[in-house]
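Residue numbers (this note's numbering): 1 to 463. Where a beta carbon is used, it is the ideal one built from N, C-alpha and C, also for glycine. All figures in this text were calculated on a predicted structure; none of them were measured in a lab. For reference, the structure is listed below as structure tokens.
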Ligand code: GLU
């Protein structure tokens, strides 16, 4: 690797809850930064004001706090390269848009949405590029006086990147090797819109990565098609020498491997796809989170680390510190990683078994003040998901070797870290008919208790 100081960034757009795939991207950036003694930057990419969702930024910050992924600089962390929220960097982008206009690498276009639609009707597979730009209303086709007059008149315009056709653009990707794309398939991307005086993602991303001295761009595969355009932008600015290295991470796939894991899959298949519970301020919809579902942050981290990367042997349980030592971008797979939720449960089980009773109970008894570190106390919050509760009771039994009974959070006696109780009638009040058969009967639980006591005690002694 080059001598350059490692500086990586996680750059979410605050458009809603942070998808678990985004958490994995941040985790890989974190592992890479820590391993190389580098910096991890938290940048908010909020140039698309239409997609802004209030509360999303705070949600993302809280998620990383819970997971124990610490940033060195960025929104809410400070640093010398700010501001780190793109909407606060307008003037910086304007300056760089002008640089491209002055050097003839970009041009101003006045085509209205209606005019663009008309072109699309006229030319099948219309693309705004070298083959069509000279038939459009832009600063390449209109006299300078007219362009100036239109701008002075307040006419809305965009700035487009002037891509030279027929050039093979090479992108070196640490995970995928050499990726080559011919520039003729790229369109003259919009870099800036006068309507909101904001750049688009592409321009802001390149300018920020350059000014923030980002050394490696580690992000999801969905951004790979944009990488050649980004390479061309670095060159247009004369920044090719300090261009970051790229690593595009494999997609997280649905459990059956058929397509990308979407936000909807969680509801459909009954597992969280978000780190924390999310209350959508627009729709009022509530989506479950790993924290509220009783997952320990270290289990989530370990599970995610292995979705798209492996240490080269069959070791599965790894702490964050071990992951920092072992992580290697070269060992990331190119193929998408199936989201195996059963495996996620297994990790949580393993981590719960390692904990003391007090830690499993969470909150004050675990020595934390906030009680937001996972654990049963955190998990059991009405409305209770019955399967999840049974899952916790099961592990709690294994752990303690006793039949401990669990209360819903509100009813936990303040000073009790050992005994949690959920009366059977509580189950019946909170579960659908179909679920009743899944309840452990008193008899079974009693028998299990005997069987588990010995193993449980041994485990406790070891711990
Ligand atoms: N704002 C982009 C996102 O939401 C960041 C992409 C990148 O890392 O370049 O994923």
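So is the beta-carbon of residue i under 8 angstroms away from any non-hydrogen atom of ligand 1?
i, result
"residue 228", "no"
"residue 217", "yes"
"residue 201", "yes"
"residue 285", "no"
"residue 220", "yes"
"residue 205", "yes"
"residue 13", "yes"
"residue 22", "yes"
"residue 85", "no"
"residue 9", "yes"
"residue 45", "yes"
"residue 346", "no"
"residue 223", "yes"
Count the other CB atoms, across all protein chains shown, that sit within 10 Å of the CB of residue i; report buried if there are 16 or more and exposed otherwise.
i, result
"residue 483", "The chain is shown from 1 up to 463; residue 483 falls before or after that span and cannot be answered."
"residue 348", "buried"
"residue 4", "exposed"
"residue 249", "buried"
"residue 432", "Bear in mind that the predicted position of residue 432 carries a pLDDT of just 42, short of 50, making it too unreliable to give a figure here."
"residue 218", "buried"
"residue 17", "buried"
"residue 13", "buried"
"residue 134", "exposed"
"residue 89", "buried"
"residue 123", "exposed"
"residue 380", "Interpretation of residue 380 is limited by its pLDDT of 43, a score under 50 that renders its predicted location unreliable; the figure taken from the coordinates is listed afterwards. Buried: at least 16 other Cβ atoms inside 10 Å."
"residue 211", "exposed"
"residue 198", "buried"
"residue 301", "buried"
"residue 116", "exposed"
"residue 447", "Annotation note: pLDDT 37 at residue 447 (below 50); position unreliable, coordinate value reported separately. Classification for residue 447: exposed."
"residue 317", "exposed"
"residue 56", "buried"
"residue 330", "exposed"
"residue 121", "exposed"
"residue 242", "exposed"
"residue 464", "The structure shown has nothing for residue 464, since the chain only spans 1 to 463."
Taking the continuous beta strand (DSSP E) assigned at residue i, which residues delimit it?
i, result
"residue 170", "168–173"
"residue 41", "39–42"
"residue 182", "177–182"
"residue 308", "Run containing residue 308: none; DSSP gives neither H nor E here."
9 angstroms is my cut-off, CB to CB: does residue i come that close to chain D?
i, result
"residue 269", "Absence of chain D from the displayed structure is noted, only one protein chain being present."
In the DSSP assignment, the alpha helix (DSSP H) including residue i goes from what residue to what residue?
i, result
"residue 59", "56–67"
"residue 264", "263–269"
"residue 303", "297–305"
"residue 24", "20–35"
"residue 127", "Run containing residue 127: none; DSSP gives neither H nor E here."
"residue 237", "227–237"
"residue 147", "144–152"
"residue 94", "90–102"
"residue 324", "320–326"
Based on the DSSP secondary-structure assignment, which residues constitute the bridge partners of residue i?
i, result
"residue 338", "253"
"residue 158", "109, 193"
"residue 198", "193"
"residue 248", "219"
"residue 10", "42"
"residue 286", "279"
"residue 138", "109"
"residue 260", "253"
"residue 466", "A question about residue 466 goes unanswered here, because the residues of the chain that appear run from 1 up to 463."
"residue 85", "44"
"residue 274", "289"
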